[in-house]
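Novice: Going by our numbering, the letters in the sequence shown line up with residues 732 to 967, in that order. Quick reminder that beta carbons are idealized off the backbone N, C-alpha and C, glycines included.
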Amino acid sequence: MPYFERDGYYIDRCPECRFVYVRNVPSDATLAAFYSGYYGDVNEFVPVSRKRLSKRFSKSVENWWHARNLVRCAAGRRKLLEIGYGEGHLLMALKQTRRFELRGIDYATGPMAYMSANGIDVAQGSLFDQHYPDNRFEFIVGFHVLEHVQHLGEFMSEVRRVLAPAGRVYFVVPCVTHFSAVRRGQNWKHFGPPGHLWYFSVMAMRRFMTDQGFKVLSAHCISNRTHLTVLAEKTS
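Written out as structure tokens, the structure is:
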């Protein structure tokens with residue numbers, strides 16, 4: 732049902748599962764223009780190692796925790812793809828664990844040279860652009876990716892295709908039913924098309940992943956941050 736309108740985008744909400752979504756999904760050209768400046772070009776990108784000490788420390792702690800958690804979630808699966816690796820902090824932390832064969836993709840070109848120089852295989856473009864073979868990866872990770880995807884169903888079909896049997900996915904998205912999101916209502920900071928298009932509750936995420944051919948192993952909203960995490964396994 733209609734929820735509100737912002738900047739020409741109409742945002743609807745399911746009264747049952749609380750899933751919130753942008754009705755008029757932006758075009759490829761609109762999204763390309765919107766994301767063109769993310770992280771800058773190769774001459775503008777500044778790795779975290781060259782940022783101020785407090786920033787380096789906080790990022791190191793955060794990504795150490797994420798890497799440790801992902802080792803547990805992978806449960807021995809080694810071939811890992813991070814979709815939307817951003818500035819590469821997580822891939823660098825995962826490399827230190829020596830538990831994975833790593834690959835990353837992102838629309839941004841700025842971090843690519845830095846990542847390659849550190850021995851991590853990265854590529855520019857969407858998941859569809861890579862033309863990976865079937866069953867290529869055992870574990871696919873995406874931090875704040877799903878809310879940006881233009882066509883969710885098609886995206887998850889491709890994720891499932893390149894994921895090996897019993898492969899796992901781990902996604903983090905904004906949680907639309909977090910208490911701070913409910914309190915802020917339409918003024919919640921994550922409501923921002925064309926960047927963010929889909930907003931999940933735990934119930935909506937469980938339904939979505941099940942419909943896409945995955946068994947949900949865990950899905951919950953993080954209490955101290957407006958984030959929802961989901962770990963799911965590909966079904967036969």
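Among the residues of its own chain, which have a CB less than 8 angstroms from the CB of D865, if the five just before and after it don't count?
Specialist: Result list for D865: R892 and V893, in chain order.
Novice: Use the C-beta contact count for P896: other C-beta atoms within 10 angstroms, 16 or more gives buried, fewer gives exposed.
Specialist: Answer is exposed; the Cβ neighbour count stays below 16.
Novice: Taking the C-alpha atoms as reference points, what is the distance between Y845 and L812?
Specialist: Taking the straight line joining both Cα atoms gives about 18 angstroms.
Novice: State the start and end residues of the unbroken beta strand (DSSP E) segment that holds D743.
Specialist: Note, D743: beta strand (DSSP E), Y740 to R744.
Novice: Just the Cα atoms here: how many angstroms apart are N800 and A806?
Specialist: Their backbone Cα atoms lie some 10 angstroms apart in a straight line.
Novice: Once you ignore the five residues that flank T960 on each side, which residues in its own chain have a CB closer than 6 angstroms to its CB?
Specialist: Closer than 6 angstroms at the Cβ level, and outside the excluded window around T960, lie V903.
Novice: Three-state secondary structure (DSSP) at Q855?
Specialist: Looking at Q855 - three-state DSSP - the assignment turns out to be strand.
Novice: On a Cα-Cα basis, can you pick out the residue from E964, F735 and M887 that is closest to F870?
Specialist: Minimum Cα distance to F870 is reached at E964.
Novice: Suppose you measure from the CA of Q943 to the CA of L883; what does that come to, to the nearest Å?
Specialist: Going by the C-alpha atoms only, they are around 10 angstroms apart.
Novice: Tell me the rounded alpha-carbon separation between P905 and N918.
Specialist: Distance between the alpha carbons of P905 and N918 is about 14 angstroms.
Novice: Using the C-alpha atoms, what's the distance from L821 back to H797?
Specialist: Those two C-alpha atoms are separated by around 7 angstroms.
Novice: Rounded to whole angstroms, what's the CA-CA distance from A993 to M823? Just pull it up for me.
Specialist: This structure cannot settle anything about residue 993, because the visible part of the chain is limited to 732 through 967.
Novice: Check for me: the beta strand (DSSP E) holding Y901 runs from which residue to which?
Specialist: That run of the beta strand (DSSP E) goes L894 to P905.
Novice: Can you check DSSP and say which residues form a bridge with I953?
Specialist: I953 pairs with nothing; no bridge assigned.
Novice: Would you decide whether D837 is buried or exposed? Buried here means 16 or more other CB atoms lie within 10 Å of its CB.
Specialist: Result: buried.
Novice: Do you know offhand how far S724's Cα is from F945's?
Specialist: No answer is possible for residue 724: the residues shown for the chain start at 732 and end at 967.
Novice: Between S932 and F750, how many whole angstroms is the CB-CB distance? I'm expecting something under 8 angstroms.
Specialist: With 8 angstroms as the limit, S932 and F750 qualify as a contact, their Cβ atoms being about 6 angstroms apart.
Novice: List the whole-angstrom C-beta distance separating R709 from R808, where the pair is believed to meet the contact cut-off of C-beta under 8 angstroms.
Specialist: Outside the modelled stretch of the chain, which goes from 732 to 967, sits residue 709, for which no answer is possible.
Novice: Among E832, E747 and A763, which one has its Cα closest to the Cα of S857?
Specialist: Considering only alpha carbons, the answer is A763.
Novice: Are the beta-carbon atoms belonging to P924 and V802 less than 8 angstroms from one another?
Specialist: Against a cut-off of 8 angstroms, the Cβ pair of V802 and P924 comes out as no contact.
Novice: Exposed or buried, what is A950 when buried is set at 16 or more other beta-carbons lying within 10 Å of its beta-carbon?
Specialist: Buried, since its Cβ has 16 or more Cβ neighbours within 10 Å.
Novice: Per DSSP, which one or two residues make a beta bridge with E832?
Specialist: Partner(s): K810.
Novice: For D852, collect the residues of the same chain with a Cβ closer than 6 angstroms to its Cβ; drop the 5 residues on either side in sequence, then sort them by chain order.
Specialist: Excluding sequence neighbours, D852 sits near R834.
Novice: Looking at the secondary structure, which residues open and close the beta strand (DSSP E) in which L962 lies?
Specialist: Looking at the DSSP string, the run of the beta strand (DSSP E) that includes L962 is H958 to K965.
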